[in-house]
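The numbering used here puts the first residue of the sequence shown at 2, with every later residue one more than the last.
Glycine included, C-beta positions come from ideal geometry on N, C-alpha and C.
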Amino acid sequence: MSQTQTTEPQPAGPLTLQYRSDGPDEAPVLILGPSLGTTWHMWDRQIPELVRQWRVVRFDLPGHGGAPAQPATSVAELTDRLLATLDELGVQRFGYAGCSIGGAIGTDLALRAPHRLASLALIASSPRFGTADEFRQRGVIVRTNGLDPMARTAPERWFTPGFAAAQPAIVEWAVQMVRTTDAASYVGACEALASFDVRADLGRVGVPTLVLVGSEDRVTGPAEARHLVAGIPDARLAVVPGASHLAPVEQPAAVTDLLVRHFSTSWQAVSDSSTGMAALAAPPVVPALAAPAAPAPAAHAVPPGAAAPAGPGDTAAPHAAALHAPVAHAPGAAAHAPGAVLHGPGAVPPGAAPAGAVPPGAVPAGTVPVSVPAPGGAPHAAAAPAAAQAAAARTAGPLVTEPAAAGRPDPYDAGMKVRREVLGDAHVDRAMAAADDFSGDFQELITRYAWGEVWTREGLDRRTRSAVTLTALVAGGHLDELAFHTRAALRNGLSPAEIKEVLLQTAVYCGVPAANSAFRVARRVILEETTPEA
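Pasting the structure below:
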């Protein structure tokens, strides 16, 4: 292997990410993803050991570490930018370790680009980060006050009190890292975390996964880590004592040791080829309407090498096994950080096969093809009634097909999604919980038509729709509605100064008394929403 090479940091383009590369060019590639508010320097103390075996590529989130301020508002968009960056580097297959939002990107990679991922480590991560309301609220505070409130509270979120007291220089470095982040890009990352929720998809993560968490992490702690281990089929849990959210910074030796052993022993092999890539088998086609000559088989074979998650009804036993598996101490961990513990069915010494592990290319009994996700080993369950109807129609006369419903799809689901994004989960949950036989139809009506038909239209952005809505509510004297739509306007990106301008405009066209009442309501809401926690 050649001598370690380090490239100069490479700036991002419109669809890529700022990155740097360390290690031998011909070595396997390991990607390291950062936490929100940090830069690739959070991994500095892992690099000397990791570059002995890997070419390590680290990246910055948009607007972080001097990267161009090109906000991304979804985890999928960040994943796409990372893949585009790796495409430019000529990297097709890689291992990935990510912290916090970097872990979310790793999970998304496992779900959307599994053919490129060799092994995965999720650090201080979660299948869902808090609630959407919490992150949108954080975005409101940053838009109004800048990043100073986030910078001041970063040490208590990221480090244990003992570490913060003993390492003031590192604490100051962390504070400055947040302060120098672009505010709009930080808010965009908050929006990405607000909409991230893969709890129902964890069973489709098909690569060996290490879930690593600090024992003192109060942001995404051991409970969230266990949720990941319970849901991911081939996952093990490592709890690092004496570490909080930024475990790679606070306990670098323990984290490095765990990463080296995980990626040394759990790197998923691919078939030999000139490209180093494994071909993906095309899923079998399931006809929408068929009359099989014989009853459908109870299960279908999976093409060699294709991994298939269990159906929704097959997850209870793995979950229980993951949660109640015996604890094993990681060999060698004491040399770096005594007490670092591995949990779960995959907690085995280096080189040993995890209990129940499936060799590459083998398919565990009881799994079903990806294209036939019916639980309980009953593929074609949805097609069977249609097949029976077709057979009956051939004996009784010509098959009569019902015409498809005319017009657009039902906008209810899209309306509920937008309603939650604009007003917040807590508000919508209260409204829906209060609905009864008398008011339930009204809740359905406004979700379907106000939110599904109007708020989803592309002719105006949400900021503009919020401004129009505030004006209309002032004109109508609807002060209760004005209160929660002021909150919505802040979440949709209007600043307090812009809301003030809207209300001044209403004073001219709707009347001073109406505007006076509106200012009183809006002022109270803005103070509640934009005042940082002490």
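Buried/exposed call for Ser-186, threshold 16 Cβ in 10 Å = Residue numbering aside, residue 186 sits at position 185 when the sequence shown is read from its first letter. So Ser-186 counts as buried.
Compute the Euclidean distance between the alpha carbons of Arg-409 and Asp-462, then round it to the nearest angstrom.
-> As a first step, residue 409 must be located in the sequence shown, where it is residue number 408. As a first step, residue 462 must be located in the sequence shown, where it is residue number 461. Arg-409 and Asp-462: Cα-Cα distance of roughly 22 Å.
Backbone secondary structure at Gly-107 - three-state DSSP | Locating residue 107 in the sequence shown gives position 106, where the first residue counts as 1. Here Gly-107 sits in helix by DSSP.
In chain order, each beta strand (DSSP E) run of at least 3 residues that lies wholly inside the region 191-261 = 210-215 and 236-241
Excluding the 5 residues preceding and the 5 following Ser-127 in the sequence, name in chain order all residues of the same chain whose CB lies nearer than 6 Å to its CB.
-> As a working mapping, residue 127 is identified with position 126 in the sequence shown. Closer than 6 Å at Cβ, skipping near neighbours: Thr-221 and Glu-225.
Residues of its chain near Gln-11, where Cβ-Cβ distance is below 6 Å and the 5 sequence neighbours each way are ignored = By 1-based counting over the sequence shown, the position of residue 11 is 10. Result list for Gln-11: Tyr-20, in chain order.
Classification of Leu-424 by the beta-carbon crowding that lies within 10 angstroms, buried from 16 upward | Position 423 of the sequence shown, counted from the start, is the residue given in the question as residue 424. That one is buried.
With DSSP collapsed to three states, give me the class of Leu-18.
-> In the sequence shown, counting from the first residue as 1, residue 18 sits at position 17. Reduced to three states, the DSSP call for Leu-18 is coil.
For Ala-508, which residues from the same chain have a beta carbon less than 6 Å from its beta carbon, with the 5 sequence-adjacent residues on both sides left out?
-> The residue given as residue 508 occupies position 507 in the sequence shown. Ala-516, listed in sequence order.
Give the straight-line distance between the Cα atoms of Val-455 and Tyr-413, rounded to the nearest whole angstrom.
-> As a first step, residue 455 must be located in the sequence shown, where it is residue number 454. As a first step, residue 413 must be located in the sequence shown, where it is residue number 412. Rounded to the nearest angstrom, the two C-alpha atoms are 12 Å apart.
Could you tell me how far apart the beta carbons of Val-214 and Gln-47 are, in whole angstroms, since I believe they sit closer than 8 Å?
-> Counting from 1 along the sequence shown, the entry for residue 214 is found at position 213. Counting from 1 along the sequence shown, the entry for residue 47 is found at position 46. Incorrect: roughly 17 Å between the Cβ atoms, too far for contact.
Under 7 Å, do Leu-504 and Phe-520 count as touching if we go by C-beta distance?
-> The count along the sequence shown starts at 1 and reaches residue 504 at position 503. The count along the sequence shown starts at 1 and reaches residue 520 at position 519. Yes. Within cutoff.
Cutoff 7 Å: Arg-262 Cβ touching any chain B Cβ | Checking the listed chains, one finds no chain B in this structure; it contains a single protein chain.
Taking Ile-124 and Ala-248 to be in contact with their CB atoms under 8 Å, please state how far apart those CB atoms are, rounded to whole angstroms.
-> Position 123 of the sequence shown holds residue 124. Position 247 of the sequence shown holds residue 248. Yes, they are in contact, since the Cβ atoms of Ile-124 and Ala-248 sit about 6 Å apart, within 8 Å.
Do you know offhand how far Arg-449's Cα is from Asp-430's?
-> Working through the sequence shown from its first residue, we reach residue 449 at position 448. Working through the sequence shown from its first residue, we reach residue 430 at position 429. Each residue's Cα considered, the two are about 16 Å apart.
Under the three-state reduction of DSSP, which class applies to Ser-265: helix, strand or coil?
-> Position 264 of the sequence shown, counted from the first residue, corresponds to residue 265. Residue state, collapsed to three classes: helix.
Given a threshold of 16 other Cβ atoms within 10 Å of its Cβ, counted over all protein chains shown, does Ile-106 qualify as buried or as exposed?
-> Translated into the one-based positions of the sequence shown, residue 106 becomes position 105. Buried, since its Cβ has 16 or more Cβ neighbours within 10 Å.
Outcome for Tyr-510 when other beta-carbon atoms lying within 10 angstroms are tallied against a minimum of 16 | Position 509 of the sequence shown, counting from 1, holds the residue named residue 510. With fewer than 16 Cβ atoms within 10 Å of its Cβ, Tyr-510 is classed as exposed.
Cut-off 7 Å between Cβ atoms - residues of its own chain near Leu-83, not counting five sequence neighbours on either side = Taking the sequence shown and counting its residues from 1, the one referred to as residue 83 is at position 82. Closer than 7 Å at the Cβ level, and outside the excluded window around Leu-83, lie Leu-18, Phe-60 and Ile-106.
In the DSSP assignment, find the unbroken alpha helix (DSSP H) run with Gly-441 in it and report its ends.
-> On the sequence shown, position 440 is the one that residue 441 refers to. That run of the alpha helix (DSSP H) goes 441-446.
Return the CA-CA distance between Ala-441 and Ala-114, expressed in angstroms with no decimal places.
-> Locating residue 441 in the sequence shown gives position 440, where the first residue counts as 1. Locating residue 114 in the sequence shown gives position 113, where the first residue counts as 1. Just to set this straight, residue 441 is Gly in the shown sequence, not Ala. Gly-441 and Ala-114: Cα-Cα distance of roughly 42 Å.
Gln-269 beta carbon less than 7 Å from that of Ala-119 | Reading the sequence shown from its first residue, position 118 is the one you call residue 119. Reading the sequence shown from its first residue, position 268 is the one you call residue 269. Going by C-beta atoms, Ala-119 is nearer than 7 Å to Gln-269.
In the DSSP assignment, find the beta strand (DSSP E) that holds Val-429 and state where it starts and stops.
-> Counting from one through the sequence shown, the residue named residue 429 turns up at place 428. From DSSP, Val-429 is part of no beta strand (DSSP E) but of the alpha helix (DSSP H) over 426-435.
Below 7 Å between beta carbons: does that hold for Ser-467 and Ala-490?
-> One-based indexing of the sequence shown puts residue 467 at position 466. One-based indexing of the sequence shown puts residue 490 at position 489. It is a contact, given that the beta carbons lie within the stated cut-off.
Note down the Cα distance separating Glu-157 from Glu-534, rounded to an integer number of angstroms.
-> What you label residue 157 is simply residue 156 of the sequence shown in a count that begins at 1. What you label residue 534 is simply residue 533 of the sequence shown in a count that begins at 1. In a straight line, the C-alpha of Glu-157 is about 13 Å away from that of Glu-534.
Under 8 Å by Cβ, that's how I've got Trp-55 and Pro-29 pegged, so tell me the actual separation to the nearest angstrom.
-> Indexing the sequence shown from 1 puts residue 55 at position 54. Indexing the sequence shown from 1 puts residue 29 at position 28. Yes, they are in contact, since the Cβ atoms of Trp-55 and Pro-29 sit about 5 Å apart, within 8 Å.
May I ask you to report which of helix, strand or coil DSSP gives Val-172?
-> Reading the sequence shown from its first residue, position 171 is the one you call residue 172. Of the three classes helix, strand and coil, the one that applies to Val-172 here is helix, per DSSP.
State the start and end residues of the unbroken alpha helix (DSSP H) segment that holds Val-58.
-> Your numbering for residue 58 matches position 57 in the sequence shown. Looking at the DSSP string, Val-58 is not in any alpha helix (DSSP H); the run it does join, the beta strand (DSSP E), is 56-60.
Between Phe-130, Ala-167, Asp-183 and Thr-154, which lies nearest to Gly-147 when the distance is taken from Cα to Cα?
-> Start at 1 with the first residue of the sequence shown, and residue 147 comes out as number 146. When each option's Cα is compared against that of Gly-147, the closest is Asp-183.
Pairwise C-alpha distance: Glu-445 and Phe-439 | On the sequence shown, position 438 is the one that residue 439 refers to. On the sequence shown, position 444 is the one that residue 445 refers to. Roughly 12 Å separates the two Cα atoms.
Compute the beta-carbon to beta-carbon distance between Ser-216 and Phe-160, rounded to the nearest angstrom, for a pair I have assumed lies under 8 Å.
-> Taking the first residue of the sequence shown as position 1, residue 216 is located at position 215. Taking the first residue of the sequence shown as position 1, residue 160 is located at position 159. That belief does not hold up - the Cβ atoms of Ser-216 and Phe-160 are roughly 13 Å apart, past 8 Å.
Nearest to Pro-1 (by Cα), restricted to the options Leu-480, Thr-487 and Thr-531 = No statement about residue 1 is possible, as the shown extent of the chain runs from 2 to 535 and does not include it.
Any idea what DSSP makes of Asp-542, helix, strand or coil?
-> This structure gives no information on residue 542, because the portion of the chain shown stretches from 2 to 535.
Contacting residues, own chain, Cβ-Cβ under 8 Å from Asp-218 (five flanking each side not counted) = The residue given as residue 218 occupies position 217 in the sequence shown. The answer, listed in chain order, is Ala-125, Ala-244, Ser-245, His-246 and Ala-248.
For the alpha helix (DSSP H) containing Ala-519, list its first residue and its last residue.
-> As a working note, residue 519 is residue 518 in the sequence shown. Run containing Ala-519: 513-531, per the alpha helix (DSSP H) assignment.
What separation, rounded to the nearest whole angstrom, lies between the Cα atoms of Asp-23 and Arg-262?
-> Along the sequence shown, read from residue 1 onward, the residue named residue 23 stands at position 22. Along the sequence shown, read from residue 1 onward, the residue named residue 262 stands at position 261. Roughly 19 Å separates the two Cα atoms.
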